[in-house]
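In UniProt numbering, the protein residues as written are 1 to 164.
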(Lines of atoms letter the chains of each structure in order from A and count residues from 1; the text may use other names and numbers.)
(Lines give C-alpha, C1' and ligand atoms only; values in the text may rest on other atoms or scores of the structure.)
Protein backbone atom coordinates (compact mmCIF):
# COMPACT_ATOMS: atom_id res chain seq x y z
CA UNK A 1 0.00 0.00 0.00
CA UNK A 2 2.57 2.55 -1.14
CA UNK A 3 0.21 5.51 -0.92
CA UNK A 4 -1.34 4.21 2.25
CA UNK A 5 -1.12 5.81 5.61
CA UNK A 6 2.00 7.30 7.07
CA UNK A 7 2.53 9.38 10.13
CA UNK A 8 2.33 13.02 9.10
CA UNK A 9 2.36 14.48 12.59
CA UNK A 10 2.83 13.65 16.21
CA UNK A 11 0.40 13.22 18.99
CA UNK A 12 -0.12 12.19 22.56
CA UNK A 13 0.54 8.50 21.87
CA UNK A 14 3.61 8.93 19.68
CA UNK A 15 5.38 5.55 19.66
CA UNK A 16 7.83 5.47 16.76
CA UNK A 17 11.47 4.76 17.49
CA UNK A 18 12.75 5.02 13.90
CA UNK A 19 12.60 7.75 11.24
CA UNK A 20 9.65 7.69 8.84
CA UNK A 21 10.19 5.32 5.94
CA UNK A 22 12.35 2.80 7.81
CA UNK A 23 11.15 -0.67 8.65
CA UNK A 24 10.99 -1.00 12.40
CA UNK A 25 8.91 -1.78 15.45
CA UNK A 26 6.68 0.48 17.47
CA UNK A 27 8.11 1.13 20.93
CA UNK A 28 6.50 -1.00 23.60
CA UNK A 29 4.76 -3.27 21.10
CA UNK A 30 7.02 -6.30 20.78
CA UNK A 31 6.92 -8.20 17.56
CA UNK A 32 4.66 -5.82 15.66
CA UNK A 33 6.52 -5.41 12.39
CA UNK A 34 5.77 -2.26 10.46
CA UNK A 35 6.05 -1.87 6.72
CA UNK A 36 7.74 0.95 4.84
CA UNK A 37 4.56 2.97 5.15
CA UNK A 38 4.78 2.48 8.95
CA UNK A 39 1.49 0.63 9.22
CA UNK A 40 0.38 -2.78 10.36
CA UNK A 41 -2.37 -3.96 8.02
CA UNK A 42 -4.67 -5.34 10.74
CA UNK A 43 -4.46 -2.20 12.84
CA UNK A 44 -5.53 0.21 10.16
CA UNK A 45 -8.25 -1.70 8.33
CA UNK A 46 -11.02 0.86 8.90
CA UNK A 47 -8.57 3.67 8.30
CA UNK A 48 -7.42 2.01 5.05
CA UNK A 49 -11.03 1.96 3.85
CA UNK A 50 -11.35 5.68 4.63
CA UNK A 51 -8.03 6.33 2.87
CA UNK A 52 -9.29 4.48 -0.21
CA UNK A 53 -12.33 6.76 -0.26
CA UNK A 54 -10.16 9.86 0.27
CA UNK A 55 -6.41 9.40 -0.46
CA UNK A 56 -5.69 12.80 1.12
CA UNK A 57 -6.34 11.35 4.60
CA UNK A 58 -3.23 9.98 6.34
CA UNK A 59 -2.51 8.58 9.79
CA UNK A 60 -1.56 11.41 12.10
CA UNK A 61 -0.68 9.02 14.98
CA UNK A 62 -1.82 5.81 16.64
CA UNK A 63 -4.50 6.31 19.27
CA UNK A 64 -7.68 8.32 19.68
CA UNK A 65 -7.70 11.82 18.22
CA UNK A 66 -7.36 14.68 20.68
CA UNK A 67 -9.83 17.58 20.65
CA UNK A 68 -7.16 19.74 18.99
CA UNK A 69 -7.13 17.31 16.03
CA UNK A 70 -10.79 17.91 15.23
CA UNK A 71 -11.71 20.18 12.30
CA UNK A 72 -12.64 23.77 13.13
CA UNK A 73 -16.35 24.28 13.94
CA UNK A 74 -17.19 25.83 10.57
CA UNK A 75 -15.67 22.87 8.72
CA UNK A 76 -17.32 20.40 11.13
CA UNK A 77 -20.71 21.98 10.38
CA UNK A 78 -19.99 22.01 6.66
CA UNK A 79 -18.91 18.34 6.76
CA UNK A 80 -22.32 17.48 8.24
CA UNK A 81 -24.08 19.33 5.42
CA UNK A 82 -25.28 17.74 2.20
CA UNK A 83 -24.16 20.02 -0.59
CA UNK A 84 -26.71 20.70 -3.31
CA UNK A 85 -25.91 19.37 -6.74
CA UNK A 86 -26.05 21.84 -9.54
CA UNK A 87 -24.55 23.16 -12.69
CA UNK A 88 -22.17 25.65 -11.08
CA UNK A 89 -18.79 23.91 -11.45
CA UNK A 90 -15.65 25.50 -10.07
CA UNK A 91 -12.02 24.59 -10.76
CA UNK A 92 -9.59 24.38 -7.83
CA UNK A 93 -5.81 24.40 -7.61
CA UNK A 94 -5.77 20.60 -7.22
CA UNK A 95 -7.05 20.33 -10.81
CA UNK A 96 -10.41 18.95 -9.68
CA UNK A 97 -13.71 20.35 -10.92
CA UNK A 98 -16.15 20.60 -8.01
CA UNK A 99 -19.94 20.53 -8.60
CA UNK A 100 -20.30 23.82 -6.84
CA UNK A 101 -18.83 26.15 -4.26
CA UNK A 102 -20.12 24.00 -1.37
CA UNK A 103 -18.13 20.97 -2.57
CA UNK A 104 -15.10 23.20 -3.08
CA UNK A 105 -15.41 24.48 0.52
CA UNK A 106 -15.58 20.89 1.80
CA UNK A 107 -12.35 20.11 -0.04
CA UNK A 108 -10.80 23.31 1.31
CA UNK A 109 -11.57 22.13 4.86
CA UNK A 110 -9.45 19.04 4.19
CA UNK A 111 -6.73 21.02 2.39
CA UNK A 112 -6.41 24.63 3.61
CA UNK A 113 -3.87 25.34 0.84
CA UNK A 114 -6.52 24.71 -1.82
CA UNK A 115 -7.44 27.78 -3.87
CA UNK A 116 -10.16 28.58 -6.37
CA UNK A 117 -8.66 28.83 -9.86
CA UNK A 118 -11.70 29.71 -11.94
CA UNK A 119 -15.45 29.49 -12.22
CA UNK A 120 -16.33 26.62 -14.53
CA UNK A 121 -14.77 23.24 -15.15
CA UNK A 122 -11.04 22.55 -15.09
CA UNK A 123 -9.40 21.59 -18.37
CA UNK A 124 -9.82 17.86 -18.99
CA UNK A 125 -7.28 15.22 -19.89
CA UNK A 126 -8.12 12.05 -21.80
CA UNK A 127 -9.17 9.29 -19.38
CA UNK A 128 -6.50 6.76 -18.44
CA UNK A 129 -7.01 3.17 -19.46
CA UNK A 130 -4.62 1.83 -16.82
CA UNK A 131 -5.60 0.90 -13.28
CA UNK A 132 -3.24 1.96 -10.52
CA UNK A 133 -1.92 -0.41 -7.88
CA UNK A 134 -3.60 1.84 -5.29
CA UNK A 135 -7.00 1.28 -6.96
CA UNK A 136 -6.46 -2.49 -7.11
CA UNK A 137 -5.54 -2.65 -3.42
CA UNK A 138 -8.55 -0.53 -2.49
CA UNK A 139 -10.86 -2.86 -4.42
CA UNK A 140 -9.71 -5.69 -2.13
CA UNK A 141 -9.66 -3.68 1.11
CA UNK A 142 -13.18 -2.34 0.63
CA UNK A 143 -14.57 -5.89 0.48
CA UNK A 144 -12.76 -7.11 3.62
CA UNK A 145 -14.26 -7.33 7.12
CA UNK A 146 -12.03 -5.46 9.58
CA UNK A 147 -10.81 -7.43 12.63
CA UNK A 148 -12.10 -6.31 16.01
CA UNK A 149 -10.06 -5.37 19.06
CA UNK A 150 -7.29 -3.55 17.22
CA UNK A 151 -5.84 -0.18 18.32
CA UNK A 152 -7.34 3.07 17.10
CA UNK A 153 -5.61 5.52 14.79
CA UNK A 154 -6.13 9.26 14.43
CA UNK A 155 -6.49 10.42 10.84
CA UNK A 156 -5.29 13.72 9.45
CA UNK A 157 -8.98 14.57 9.09
CA UNK A 158 -9.35 14.55 12.90
CA UNK A 159 -11.38 11.32 12.89
CA UNK A 160 -10.53 8.37 15.16
CA UNK A 161 -10.72 5.12 13.21
CA UNK A 162 -11.48 1.81 14.93
CA UNK A 163 -10.57 -1.52 13.41
CA UNK A 164 -13.70 -3.44 14.20
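For each residue, glycine too, the CB sits at the ideal point set by N, CA and C.
Kindly identify the DSSP beta-bridge partner or partners of residue i.
i           : result
residue 61  : 154
residue 161 : 153
Using three-state DSSP, classify residue i as helix, strand or coil.
i           : result
residue 131 : coil
residue 119 : strand
residue 111 : coil
residue 146 : coil
Is it buried or exposed for residue i, if we count other Cβ within 10 angstroms and need 16 for buried?
i           : result
residue 80  : exposed
residue 157 : buried
residue 69  : buried
residue 151 : buried
residue 57  : buried
Residues in its own chain within less than 6 Å of residue i by CB, not counting five upstream and five downstream?
i           : result
residue 144 : none
residue 153 : 44, 47, 59, 62, 161
Can you name, in chain order, every residue of its own chain whose Cβ lies under 7 Å from the Cβ of residue i, other than the five neighbours on each side?
i           : result
residue 98  : 89, 90, 92, 104, 107
residue 110 : 56, 157
What beta strand (DSSP E) runs, 3 residues minimum, are completely inside the segment 48–98? 59–62, 90–92
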